[in-house]
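A.B. asks: Under numbering that gives the first Met the number 0, the first residue of the sequence shown carries the number 0, and numbering increases by one thereafter.
Take this structure, written in structure tokens, and hold onto it; I'll ask about it next.
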Amino acid sequence: MNKRDLLAYQLLQFFSQNNVKPISTSSLAEIFNTTPYKIEASIATLNADLQTITANDHSVYVSEKSYKGIWSGHNLFQIIVDKVKLYYIERSTAFRAMEYLLFYNDLVTPKNIFPELSQAAPFFIVN
């Protein structure tokens, strides 16, 4: 998972716990050892990703309460957390590298077919 997605996922897990009450941005920054700016940016990213994953179901989100900088989660069930986790893993660069190594690494290339030609000057193959 990318660093930005990892923070968003950690925030999602934090808000999905049943015993979490509304919490301030500064408290979240202390808990996750980051800046309030990164917390707010991650929450914005998380909300956009939640809308994408839940097909614009506007009842699933992390919102600010009536006081600025106080956050709480709404309808963040475990199935939503699992879907977001899969979404972030699929979006990561490590997943793309693993996918390449598992499925596309053994493709036959012209360099494999004609190893002696890779040393020669470039030319065009005409059928």
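A virtual CB, placed ideally from N, CA and C, is assigned to each residue, including glycine.
#1: Would you call the segment 8 to 26 in contact with the segment 66 to 78, where contact means no fewer than 3 C-beta pairs closer than 8 Å?
#2: Measure the CB-CB distance between Ile52 and Val83 and report whether it falls below 8 Å.
#3: For Ser62, write down the residues that DSSP places opposite it in a beta bridge.
#4: Would you list the one or two residues that DSSP bridges to Ser15?
#5: Give me the residue from Ser23, Lys2, Leu5 with the minimum Cα distance to Tyr186.
#6: I'd like the list of long-range same chain contacts for Ser25, defined as Cβ closer than 8 Å, with 5 residues on each side in sequence excluded.
#7: What's the gap between the Cα of His57 and the Cα of Glu63?
#8: Quick check: what's the CA-CA separation for Asn46 versus Leu75?
#9: Please say whether Ile38 and Ala28 have beta carbons closer to each other than 8 Å?
#10: Would you tell me roughly how many angstroms separate the C-alpha atoms of Phe102 and Ala96, rounded to the nearest one?
#11: Can you look up Ser91 in the DSSP assignment and give me helix, strand or coil?
#12: What's the call for Asp48, buried or exposed, on a 16-neighbour Cβ count within 10 Å?
#13: Just to confirm my understanding: we take Ser91, look at its own chain, exclude 5 residues before and 5 after, and list those with CB closer than 6 Å. What are they?
C.D. replies: Per the coordinate set shown:
#1: Judged by Cβ distances under 8 Å, the segment 8 to 26 makes contact with the segment 66 to 78, as three or more pairs qualify.
#2: yes
#3: In the DSSP output, where bridge partners are listed per residue, Ser62 has Ser71.
#4: DSSP lists no partner for Ser15.
#5: Because the chain spans 0 through 126 in this model, residue 186 falls outside it and cannot be assessed.
#6: Same-chain partners within the cutoff: Pro35, Gly68.
#7: 15 Å
#8: When rounded, the separation of the alpha-carbon atoms in Asn46 and Leu75 is 11 Å.
#9: If you check the CB distance, Ala28 and Ile38 come in under 8 Å.
#10: 10 Å
#11: coil
#12: buried
#13: Met0, Asn1
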